[in-house]
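Asker: Here the sequence shown stands for residues 0 to 56, where the numbers follow numbering that gives the first Met the number 0. We put the beta carbon where it would ideally sit given N, CA and C, even for glycine. Source: prediction; values computed, not measured. Below are the structure tokens for one structure; questions will follow.
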Amino acid sequence: MLGDYPDADEPRLPLPTAAEARDAVGYMRLLETLDLTPRGQAAGQLAANLARRLPTD
């Protein structure tokens with residue numbers, strides 16, 4: 000993924016904690032089960048991708 004950093008005078012958002020990221024993955028998996036459109040499928044794929052990147056502890 001590529002992107003630009005905002006200007007130095009703009010505040011930056013903190014990174015999510017591991018617990019917050021796990022919660023987000025759970026919500027995306029729930030969305031996949033409730034939304035049978037391609038958007039729901041995409042949410043499931045994103046959840047799976049993010050889950051693989053989270054620490055297992």
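Just the C-alpha distance for T16 and N48, rounded to the nearest angstrom, thanks.
Answerer: Taking the straight line from one Cα to the other gives about 17 Å.
Asker: Measure the C-alpha to C-alpha separation of L33 and R11 and round it to an integer number of angstroms.
Answerer: When rounded, the distance between both Cα atoms is 33 Å.
Asker: Does the Cβ of A18 have 16 or more other Cβ atoms within 10 Å, making it buried, or fewer, making it exposed?
Answerer: Exposed: under 16 other Cβ atoms inside 10 Å.
Asker: What's the call for E9, buried or exposed, on a 16-neighbour Cβ count within 10 Å?
Answerer: It counts as exposed.
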